[in-house]
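Numbering (mature numbering (1 follows the signal peptide of the UniProt record, and there is no 0)), first residue to last: -21 to -1, 1 to 193. For each residue, glycine too, the CB sits at the ideal point set by N, CA and C. Comments concern the structure below.
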Ligand code: GLV
Ligand code: MN
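Below, the structure is given as structure tokens:
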């Protein structure tokens, strides 16, 4: 009888204890991350001495160098580049596109994303877990959202360059960039897995791997 009661209590706990997987709330006004220390389970320990400069960051400036195969460049303001974000559950990116540039399909496992177009015309899309694509071309001053963890991309469809500022509800949202995750991992995903997955041959997989090898 007692064990039945214990099992019932356990079941109850499983259903009523909320599952929280976003960044936790801060327990103090601020906690500038001490990046020299090892990160603890959730973020960095606080620096002992703090000054005004810890709360400012000038790394989101423009222009970035977009001369690369995707024609896109990203400068991140996250806890690793701007330790003032430690424990605040926030981060931002400056994303710049050459004409025709593409920010390839990727997802952020720890954050939803909100973005605003600062310059140009951008085709923005995300995919649901049942493979429905929601997409739109948006222009300067227009905003988009991507729900947490969903695969998304952007492409510059205007004549000139384009620029976005994106924001995340995590100090370190993480990015799983599908092409490099699948074809540029170390060690490699075996060809047998990739040829079967993509219903293709070794030559095609080797060709893709050669483009994403690090
Ligand atoms: C855009 O998708 C970004 O992650 O900044
Ligand atoms: Mn993104």
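Following the DSSP letters along the chain, one finds residue 106 in no alpha helix (DSSP H) but inside the beta strand (DSSP E) bounded by residues 100 to 106. Under the three-state reduction of DSSP, residue 84 is assigned to strand. Residue 63 holds the alpha-carbon nearest to the alpha-carbon of residue 30 among 23, 58, 63, 18.
Scanning its chain for C-beta atoms nearer than 7 Å, with the 5 sequence neighbours on each side dropped, one finds around residue 45 the residues 51, 52, 75, 76, 77, 80, in chain order. Segment contact: the region 130 to 138 against the region 165 to 182, fewer than three CB-CB distances shorter than 8 Å; contact not assigned.
A heavy atom of ligand 2 is found nearer than 7 Å to the CB of residue 145. Looking at the backbone, the Cα of residue 49 and that of residue 57 are separated by about 22 Å.
Pairing residue 32 with residue 15, the inter-Cα distance amounts to about 17 Å.
Ranked by how close their Cα comes to the Cα of residue 143, the residues 9, 73, 20, 186 have 73 in first place. Put simply, the backbone Cα of residue 114 is about 38 Å away from that of residue 10.
Between the alpha carbons of residue 185 and residue 170 lies a gap of roughly 8 Å. Residue 88 is positioned such that its CB atom lies no closer than 8 Å to that of residue 139. Rounded to whole angstroms, the gap between the alpha carbons of residue 85 and residue 187 is 17 Å. Boundaries of the beta strand (DSSP E) around residue 112: 112 to 118.
For the 8 Å CB-CB criterion, residue 90 and residue 152 form a contact. Straight-line measurement puts the Cα of residue 112 at about 19 Å from the Cα of residue 100.
Judged by the Cβ position, residue 150 fails to qualify as a neighbour of ligand 1 at the 7 Å threshold, every heavy atom of the ligand being at least this far. Its Cα nearest to that of residue 125, the residue 146 stands out among 163, 146, 2, 109.
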